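Numbering (the working numbering), first residue to last: 4 to 516. The C-beta atom is built at its ideal place from N, Cα and C for all residues, glycine as well. Given the structure is predicted, the values throughout are model-derived calculations rather than measurements. Input: a single structure, listed below in structure tokens.
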């Protein structure tokens, strides 16, 4: 009876969310809630009726696992920090609570459909919070958010294996549905049904966000020994970025060595200790593979024209499947000797965890000093890409054109003019397969003219008359708040002195006074 009341409480709570003003205004949004409620009520009626008919006693056992509430605490801290600089996070807080309510009801019913005792604790919290760090469906398709959650808990319950004598779930219950739904969105070309791109972009808005992620990850790294996974993933990705820059003169991820969303995945997605290898060396290999996978997937997704924010999501289930193989590989004699030598003086696991954290802290500090991570990576700034483009470096002109078009859409007349001129140059050079028609530059130049940038108006006429030369111009004070922000959040201090100083620091020589 107590279990029936608890399920009823959660399902009724989910129904209440369906009648909030923000939900009722959109019928599709509301039916996502009401449809989930109907299914849960029908399922609960079936489960409890069958239990009564067969004489089963459905019970609850309360167990509060440290792994769950420590992970959830780190996720909440990051969500609060991110939301302070991107308000849709706070605006969607009630949806996160609604997903938690759905998750508890679904998990209980799934468990009681298979056995008599449900373990009540904080288990759904890190799953739901992790999902919401990476993927939200838009209101009209929010039923897919509930479907994503259902898949995660179903996979945890139904897809298991024997690991060192214990029957445990194979897949991380948040990363598995994220990967499956990401693949479905890619194959159907429906990424616009989600906020995935906005999430990946805006997570870089807060200042010192890499440092915040480093700090929120420390408690879990100490308690569960996952620092080696994060550290190895970061190091291998950064090392690849350095090699790529040395070979090409540009940055692989364009505006960073490691994008914030990927750095987030390295801390709060693939590091679930329940679905990670047991041995230290295997965990290092696990991290190396994750880091390399983000690089490979970023390149592949970009090549086929798919949004690249899926790069940190797709490979985690494959890694989960590899954990027993990695643990077996580390049974090799030379690897066991390496592990014994490396940790011969660190007998206890807490000592080992602290040692890894100390090394990781040193690595992170060095990377911060040399701008391997941080807010001032030069790949964010237009002058770097202007110079790279002028020197003919790989993809530099195409990326510069993308930057300028983005700033044009944000209201910079100067950027519209430069984007139009560069569009024409790229079409004529044949170096950008996405830009094929010179006439397409007219719209961009016209927007620059509408924004009051004189050279853009004159270039519209030059383009129409078939001239091959175009007029450049210098950014104005109205352009600076847009083109100086890089990939960070909006600039707050817009005084002329502050803008000129910021422009000079970024490499705009005409702004130095």
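- In this structure residue 64 is exposed. Its beta-carbon is surrounded by fewer than 16 other beta-carbon atoms within 10 angstroms.
- Taking 8 Å as the cut-off, the Cβ atoms of residue 427 and residue 444 count as close.
- Minimum Cα-Cα distance from residue 362 among the listed residues 246, 238, 328 corresponds to 238.
- In the three-state scheme derived from DSSP, where H, G and I count as helix and E and B as strand, residue 172 is classed as strand.
- DSSP links residue 140 through a beta bridge to 197.
- With at least 16 other beta carbons inside 10 angstroms of its own, residue 359 counts as buried.
- Rounded to whole angstroms, the gap between the alpha carbons of residue 505 and residue 386 is 12 Å.
- Out of 487, 203, 433, the CA that lies nearest to the CA of residue 514 is found in 487.
- Bounds of any beta strand (DSSP E) do not take in residue 29, whose DSSP letter is neither H nor E.
- In this chain, the beta strand (DSSP E) harbouring residue 64 covers 62-65.
- Rounded to the nearest whole angstrom, the CA to CA distance from residue 367 to residue 62 is 47 Å.
- Taken in chain order, the complete beta strand (DSSP E) segments of 3 residues or longer contained in the stretch 38-93 are 62-65.
- Where residue 167 is concerned, there is no enclosing alpha helix (DSSP H), because DSSP gives it neither an H nor an E.
- DSSP, reduced to helix, strand and coil, places residue 163 within a strand of the structure shown.
- At a Cβ-Cβ threshold of 8 Å, residue 130 and residue 197 do not count as neighbours.
- The three-state secondary structure of residue 313, taken from DSSP, is helix.
- In terms of CA proximity to residue 412, 485 leads the group 474, 485, 456.
- Around the beta carbon of residue 421, a 10 Å sphere encloses 16 or more other beta carbons of the protein chains shown; the residue is thus reported as buried.
- Proximity to residue 18 across 37, 32, 27 peaks at 37, based on C-alpha coordinates.
- Per the C-alpha coordinates, the member of 151, 265, 220, 476 positioned closest to residue 297 is 265.
- For residue 322, the secondary structure class from DSSP, reduced to helix, strand or coil, is helix.
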